[in-house]
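**Q** Structure provided below as structure tokens; questions to follow.
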Amino acid sequence: MESARPPPAAPNKSKLSQTLKRAILPKKSTKNPSSPAGFCLPIIADGKKARCFFESHRKHLERESAEEVEESRARAFVARLFAAVSFIKATYAELQTAQLPYDASAVKTADQAVVDELKSLSELKRRFLKDQIGSSPPHVTAMLAEIREQHAQMKIYEITMRKMQGEIERKGQSAAALREELAELARNNRAAEKKIAAAGGSSSVLDNIGFSDFNPTNFVLVLRYALKSVRNFVRVLVREMEAANWDIGAAANAAEPGVAFVKKDHRAFAFESFVCREIFAGFDRPSFSIEGDNRFPAGETRRRRAFFEDFRRLRSVGAAEYLDRNPNSAFGEYLRCKYLKLVHPKMEFSFWGNLSRRKTVGSGGFPAGEFFTAFAEVCRRACLLHLLAFSFEEEVRVFRVGRGSRFSDVYMDGVADGGARVAFTVVPGFEFSRTVVQSQAPRRLRHFLRNFWSCPSNTLRAAAARVVKVKQWSGLKFGGAPHAKSIRDFLIRTGFWIGGPGI
């Protein structure tokens, strides 16, 4: 009787297990066991379980792939949405541009484009609600949406560029119109100045001046009147220099060497100083630096009356008319003398390329042009000031403050600590026997000092508006010498103080 044997194992199962073991499990390494282990997968002993495992893995991959596709479609849909919004923005900007200035055709085109984009946006909304985001490949949809959005951005930039270009053109036209208006105003001003100069200037300012022993108010009034013409001539002179391509800074340094000007506008003071130095040279002489002029009557009163009569005749007419009536007058000789001294031949040739004006002046003529008209007016008003000064009973003396002069504490009160020195004198001072009219000098240091005999102006060139009468000092007790504080208190009481701490 044979013994019972166990049934043999299923060959399929054993073969499958062995195959999986050989395929999945790595061979045992014969190397050092401390070396890193190889890649391992779990052993699946059952074929059915293996099939389930691979099926599960496949479904998992399919689910992930489906989710990625849905996410890509959603991203593509959002990209299309953003592109549609950008295109609506571009078309609306184009619509606004077409309305100002109004262009009916462009407005209609832009309006239709806005409507089309709104319809496209409505279609996107419908697809979203019906879960029909898109049928084309997501990456293609996203790329097309990005291209469309970039196209919309370029359109916006083009519209903005056209708008800014239009603004630039309008601003340019406005600037050109304003420049033309400014040039027209300048021409009108020059024409008015010529008419005023030809008519004798502001004669109404001088009409009320009468013959008197001494009137400092009238003298200061005529002095201001003369200084206005000096500044007008300096402006004309600087314009001619600029037209001839002169270096204005070098010319100012030549007129007043060694002076550093903080602002470019201050260089005009150097030219004013140069003109005043030449124009007022010899002012304290009755002949006004005209050699051989002895046409003065005998007797003090008669001489003064003769000067005032000349003043009255000269104030009523312009320089050209006066020279036409009196070609051999003292004023004509003074004008020729000052022009030949002040205007160098090289300067004249640089300005106009010839010396014809110099020849005309030397022969007693009156050259045409703004330059000589302004210069002649300076000479006329300087002569008026000279004639008025010599019609007074008191003698007149002109003084200038030397460069680098230190103000004395005897005659002034400082408004700041430290010494201040004069850079140069712009307008000279005028001294009578009992009265001093202040000179004008720009400051060299940061602060101003005020003094009786030479006073820097707060604006560097204000007209000499203060007159100090020495005879009014009789009520002050100075001791051996005037004390600075006492002088300041006196000026404050009499109303002549023009400075103070903090200026």
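Every position in the sequence shown, counted from 1, becomes a number in the numbering used here once 67 is added.
Note that beta-carbon positions come from the ideal geometry of N, C-alpha and C, so glycine has one too.
In chain order, what residues of the same chain lie with their CB nearer than 6 Å to the CB of A20, ignoring the 5 residues before and after it?
**A** One cannot answer for residue 20 here, as it falls past the ends of the chain, which runs 68 to 570.
**Q** Just how far apart, CA to CA, sit F355 and N312?
**A** Numbered from 1 along the sequence shown, position 288 holds the residue referred to as residue 355. Numbered from 1 along the sequence shown, position 245 holds the residue referred to as residue 312. The alpha-carbon atoms of F355 and N312 are separated by roughly 35 Å.
**Q** Please look up how many angstroms separate the CB atoms of E415 and L422, rounded, as I've assumed it's under 8 Å.
**A** Counting from 1 along the sequence shown, the entry for residue 415 is found at position 348. Counting from 1 along the sequence shown, the entry for residue 422 is found at position 355. Between L422 and E415 the Cβ distance is about 6 Å, and since that is below 8 Å, they are a contact.
**Q** If you draw a straight line from the alpha carbon of A150 to that of E135, how long is it in whole angstroms?
**A** Taking the sequence shown and counting its residues from 1, the one referred to as residue 150 is at position 83. Taking the sequence shown and counting its residues from 1, the one referred to as residue 135 is at position 68. Their Cα atoms are separated by approximately 22 Å.
**Q** On the DSSP letters alone, give me the boundaries of the beta strand (DSSP E) that E498 sits inside.
**A** As a working note, residue 498 is residue 431 in the sequence shown. From DSSP, the beta strand (DSSP E) with E498 extends over G496 to E498.
**Q** By the DSSP assignment, the beta strand (DSSP E) with F466 in it spans what residues?
**A** For the purposes of this step, residue 466 is taken as residue 399 along the sequence shown, with counting starting at 1. R464 to F466 is the span of the beta strand (DSSP E), which, as asked, contains F466.
**Q** Once the 5 residues before and after R147 are set aside, which same chain residues still bring their CB inside 7 Å of it?
**A** For the purposes of this step, residue 147 is identified with residue 80 of the sequence shown, where counting begins at 1. Excluding sequence neighbours, R147 sits near L191, T208 and A212.
**Q** Examine the Cβ distances between the stretch 285-295 and the stretch 394-405 and report whether three or more of them are shorter than 8 Å.
**A** The stretch 285-295 vs the stretch 394-405: no contact.
**Q** Does DSSP classify K222 as helix, strand or coil?
**A** In the sequence shown, residue 222 corresponds to position 155, counting from 1. DSSP places K222 in helix when its eight states are reduced to three.
**Q** Helix, strand or coil: which one does DSSP assign to F459?
**A** For the purposes of this step, residue 459 is identified with residue 392 of the sequence shown, where counting begins at 1. Coil, per DSSP.
**Q** Looking at the unbroken alpha helix (DSSP H) that takes in N320, where does it start and where does it end?
**A** Within the sequence shown, the letter at position 253 stands for residue 320. Taken as a continuous stretch (DSSP letters only), the alpha helix (DSSP H) holding N320 covers I315 to A322.
**Q** What three-state label does DSSP hand N312 in the structure shown?
**A** Position 245 of the sequence shown, counted from the first residue, corresponds to residue 312. N312: coil per DSSP, three-state reduction.
**Q** Taking the alpha helix (DSSP H) that S189 belongs to, which residues open and close that run?
**A** Here residue 189 corresponds to residue number 122 of the sequence shown, with the count starting at 1. Run containing S189: A171 to L196, per the alpha helix (DSSP H) assignment.
**Q** I'd like to check one pair, F491 with R470: are the Cβ atoms closer than 7 Å?
**A** Taking the first residue of the sequence shown as position 1, residue 470 is located at position 403. Taking the first residue of the sequence shown as position 1, residue 491 is located at position 424. Taking 7 Å as the Cβ cut-off, R470 and F491 qualify as a contacting pair.
**Q** Measuring alpha carbon to alpha carbon, tell me which residue in G420, Q240 and V493 is nearest V468.
**A** Locating residue 468 in the sequence shown gives position 401, counting from the first residue. Of G420, Q240 and V493, the residue nearest in Cα terms is V493.
**Q** So L390 is in the alpha helix (DSSP H); what residue range does that whole segment cover?
**A** Numbered from its first residue, the sequence shown carries residue 390 at position 323. Residues A386 to R392.
**Q** Can you tell me the Cα-Cα spacing of T164 and K186, whole angstroms?
**A** Reading the sequence shown from its first residue, position 97 is the one you call residue 164. Reading the sequence shown from its first residue, position 119 is the one you call residue 186. If you take the alpha carbons of T164 and K186, they lie about 22 Å apart.
**Q** Assuming V289 and E339 form a contact by the criterion Cβ under 8 Å, report the distance between their Cβ atoms to the nearest whole angstrom.
**A** Within the sequence shown, the letter at position 222 stands for residue 289. Within the sequence shown, the letter at position 272 stands for residue 339. That pair is no contact at about 18 Å.
**Q** Here's the rule: buried if 16 or more other CB atoms are within 10 angstroms of the residue's CB, otherwise exposed. What is K405?
**A** By one-based count along the sequence shown, residue 405 stands at place 338. Buried: at least 16 other Cβ atoms inside 10 Å.
**Q** Is DSSP giving G420 helix, strand or coil here?
**A** If you number the sequence shown from 1, residue 420 lands on position 353. G420 falls in the coil class under three-state DSSP.
**Q** Which of the three DSSP states, helix, strand or coil, is assigned to H591?
**A** Limits of the chain in this structure are 68 at one end and 570 at the other, which puts residue 591 out of reach.
**Q** Using a threshold of 7 Å, state whether the C-beta atoms of A160 and I226 are closer than that.
**A** Position 93 of the sequence shown, counted from the first residue, corresponds to residue 160. Position 159 of the sequence shown, counted from the first residue, corresponds to residue 226. In this structure, I226 lies closer than 7 Å to A160 by Cβ.
**Q** Where does A253 land, buried or exposed, given buried means 16+ other C-beta within 10 angstroms?
**A** In the sequence shown, residue 253 corresponds to position 186, counting from 1. Classification for A253: exposed.
**Q** Given a threshold of 16 other Cβ atoms within 10 Å of its Cβ, counted over all protein chains shown, does F378 qualify as buried or as exposed?
**A** Taking the first residue of the sequence shown as 1, we reach residue 378 at position 311. The residue in question, F378, is buried, as its Cβ has 16 or more Cβ neighbours within 10 Å.
**Q** Alpha helix (DSSP H) containing F378: first to last residue?
**A** Mapped onto the sequence shown, residue 378 falls at position 311. First-last of the alpha helix (DSSP H) with F378: E367 to R382.
**Q** Is it the case that the Cβ atoms of F459 and F278 are separated by a distance below 7 Å?
**A** The residue labelled residue 459 in the question sits at position 392 within the sequence shown. The residue labelled residue 278 in the question sits at position 211 within the sequence shown. Against a cut-off of 7 Å, the Cβ pair of F278 and F459 comes out as no contact.
**Q** DSSP three-state label for A430, please.
**A** Indexing the sequence shown from 1 puts residue 430 at position 363. As written in the sequence, residue 430 is Ser, which differs from the Ala given in the question. S430 falls in the coil class under three-state DSSP.
**Q** If we count the other Cβ atoms within 10 Å of its Cβ and call it buried at 16 or more, is A443 buried or exposed?
**A** Residue numbering aside, residue 443 sits at position 376 when the sequence shown is read from its first letter. Its Cβ being crowded by 16 or more others within 10 Å, A443 is buried.
**Q** Run the CB neighbour count on A157, radius 10 Å, all protein chains shown included, and call it buried at 16 or more, exposed below.
**A** Counting from one through the sequence shown, the residue named residue 157 turns up at place 90. Answer is buried; the Cβ neighbour count reaches 16.
**Q** Alpha carbon to alpha carbon, how far is L162 from A173? Give it in angstroms, no decimals.
**A** Taking the sequence shown and counting its residues from 1, the one referred to as residue 173 is at position 106. Taking the sequence shown and counting its residues from 1, the one referred to as residue 162 is at position 95. The alpha-carbon atoms of A173 and L162 are separated by roughly 7 Å.
**Q** Within the same chain, show all residues whose beta-carbon is closer than 6 Å to that of S153, passing over the 5 residues directly before and after it, in chain order.
**A** Taking the first residue of the sequence shown as 1, we reach residue 153 at position 86. Within the same chain, S153 has close Cβ partners E216 and A219.
**Q** Roughly how many angstroms separate the alpha carbons of A319 and H411, rounded to a whole number?
**A** For the purposes of this step, residue 319 is taken as residue 252 along the sequence shown, with counting starting at 1. For the purposes of this step, residue 411 is taken as residue 344 along the sequence shown, with counting starting at 1. In a straight line, the C-alpha of A319 is about 15 Å away from that of H411.
**Q** Just checking my contact of G657 with F466 at CB under 8 Å: how many whole Å lie between their CB atoms?
**A** Residue 657 is absent from the structure shown; the chain starts at 68 and stops at 570.
**Q** Which one of D314, V428 and I276 has the shortest CA to CA distance from A380?
**A** Here residue 380 refers to the residue found at position 313 of the sequence shown. Note that residue 380 is Arg in the sequence shown here, rather than Ala. Among D314, V428 and I276, the Cα nearest to that of R380 belongs to I276.
**Q** Under a three-way DSSP split, which group does F144 fall into?
**A** Position 77 of the sequence shown, counting from 1, holds the residue named residue 144. The answer is helix: DSSP assigns F144 an H, G or I state.
**Q** Rounded to whole angstroms, what's the CA-CA distance from D170 to D178? Just pull it up for me.
**A** For the purposes of this step, residue 170 is taken as residue 103 along the sequence shown, with counting starting at 1. For the purposes of this step, residue 178 is taken as residue 111 along the sequence shown, with counting starting at 1. Each residue's Cα considered, the two are about 12 Å apart.
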